[in-house]
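A.B. asks:
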DNA sequence: GCTGTTATGTATAGTCTATAACAGTTATAA
DNA sequence: TTATAACTGTTATAGACTATACATAACAGC
């Protein structure tokens, strides 16, 4: 598939028909037909995912957190005492790529690397106080704006069914 | 969220317990808890999307087509006589990025740019004969392997419901 | 012709993903 | 004990994807 977040589809000019699109006579500037494409799950999945991430970023904008960063903070909160490799693996982040990500979070004082005394190779990851505060705010924003909007659009039952199916695909496909 | 395709989670060694993971006494190398994360739609969506794309690539590997390229071929087949901008916009591809993509397809003789006689700025896009052949094979592979596997996993009714919800999100979120 | 707009293309930057390799540390086996 | 293997965090680097600014040619309207 393809799918970025761009492409305004038609740009919908409010002013008088500048040049084309009058839908008059010979001009058939009709919208394109997706055809089969609209039946392909991968296509719909990708477009939906982009929308969701876009909305997530808007909702959490005051905290300047990406979905990835949010997922790291959530995981650190739920799993104290784990090292970089464990956190990265769980989230499907490659360890080399996790380094820069942690640098970012640590430089903002949201989490800290602590050398393990048992295994001096490891960095135990821990949320800082500020990290916990930010995470708490993020949780509220996500619940009140992001997930609430989804519930509104789909209804709680459908939302749950959707989540279940996506989880099934992620686990067993 | 995060989520790449890597991270084997545990690597599941078949041989005898090499070092850890004996689940014996003090060693509690338990799997991490996703916690809240598993309730966030965006996270599940991203992981599912990666799985689906991964499987798509496997299924269509003999034809060397990415999901994005497949979507372009499908759209060209369904909408003959359109130019680059129209196709790119419909798929959410930015025009500058569509150039290299078309170069790739054209160099493989799957589609052709034809200068429009009406508007000599435009390139009308058309599938070549080879493009049609490849697309036909891709359709069969996708239907027989990729979508069939999804149907098997979810069941036709659930698959349809999933598609409908994703489409709703993509359109109205 | 002149002005403004459109279609394509180039250049470029930023992000995300992926692999190889290294140093320091720990575990395993001879 | 000592040599070897494995593991952790890290750097370097490459590729793919996304995004913006700009240039050029062509068109539309005056």
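Residue numbers (this note's numbering), protein chains in the order written: chain S, 1 to 173; chain U, 1001 to 1173. Virtual Cβ for every residue (Gly too), placed ideally from N, Cα, C. Since the structure is predicted, the reported quantities are computational estimates derived from the model, not experimental observations.
#1: Run down chain U in chain order and give the residues with a C-beta less than 8 Å from the C-beta of residue 100 of chain S.
#2: Can you confirm whether the stretch 103-122 of chain S touches the stretch 141-155 of chain S when touching is taken to mean that 3 or more C-beta pairs between the two stretches lie within less than 8 Å?
#3: Is the Cβ of residue 1158 of chain U closer than 8 Å to any Cβ of chain S?
#4: What's the C-alpha gap between residue 95 of chain S and residue 59 of chain S?
#5: The beta strand (DSSP E) with residue 1125 of chain U in it runs from where to where?
#6: Please confirm whether residue 1027 of chain U has its beta-carbon closer than 8 Å to some beta-carbon of chain S.
#7: Candidates S:170, S:154, S:105, S:70: which alpha carbon is nearest residue 1170 of chain U's?
#8: Any idea what DSSP makes of residue 169 of chain S, helix, strand or coil?
#9: Could you have a look at residue 113 of chain S and say whether DSSP puts it in helix, strand or coil?
#10: How big is the Cα-Cα spacing for residue 152 of chain S and residue 160 of chain S?
#11: Taking the straight line between their C-alpha atoms, what separation do you get for residue 1101 of chain U and residue 1124 of chain U?
#12: Let's see if you can read the secondary structure: which residues bound the alpha helix (DSSP H) around residue 1085 of chain U?
#13: With a Cβ-Cβ cutoff of 8 Å, do residue 137 of chain S and residue 75 of chain S count as a contact?
#14: Within the 8 Å Cβ cut-off, does residue 168 of chain S reach chain U?
#15: Please list, in chain order, the chain U residues whose beta carbon lies closer than 9 Å to that of residue 55 of chain S.
#16: Would residue 45 of chain S pass as a contact of residue 1049 of chain U if the rule is Cβ separation under 8 Å?
#17: In this structure, does DSSP put residue 1030 of chain U in helix, strand or coil?
#18: Is DSSP giving residue 1049 of chain U helix, strand or coil here?
#19: Give the interface partners of residue 1163 of chain U over in chain S, defined as CB-CB distance under 8 Å, in chain order.
#20: So which residues on chain S does residue 1106 of chain U lean against when the C-beta distance must stay under 8 Å?
#21: Can you pull the chain U neighbours of residue 132 of chain S, defined as C-beta to C-beta under 9 Å?
#22: Nearest to residue 1133 of chain U by alpha carbon, out of U:1047, U:1077, U:1038?
#23: Taking 8 Å as the threshold (beta carbon to beta carbon), is residue 136 of chain S in contact with chain U?
#24: Residue 1048 of chain U CB to nearest chain S CB: under 8 Å?
#25: Residues in its own chain within less than 8 Å of residue 53 of chain S by CB, not counting five upstream and five downstream?
#26: For residue 1072 of chain U, count the other beta carbons within 10 Å of its own beta carbon; 16 or more makes it buried, fewer makes it exposed. Which is it?
C.D. replies: Reading off the structure:
#1: Those within 8 Å of residue 100 of chain S in chain U number zero; the least Cβ separation is about 13 Å.
#2: no
#3: yes
#4: 28 Å
#5: Start and end: 1123-1127.
#6: Because residue 1027 of chain U sits at a pLDDT of 41, beneath the cut-off of 50, its placement in the model cannot be relied upon, and the point is left open.
#7: S:154
#8: Three-state result, residue 169 of chain S: helix.
#9: strand
#10: 13 Å
#11: 15 Å
#12: 1084-1091
#13: No; because the gap between Cβ atoms is not below 8 Å, this pair is not in contact.
#14: yes
#15: Residues of chain U passing the Cβ test: 1042, 1173.
#16: yes
#17: coil
#18: helix
#19: 39, 41, 44
#20: Within chain S, no residue comes near residue 1106 of chain U; the closest Cβ sits about 17 Å away, beyond 8 Å.
#21: Result: empty, since nearest Cβ-Cβ is about 14 Å, beyond 9 Å.
#22: U:1077
#23: no
#24: yes
#25: 67
#26: buried
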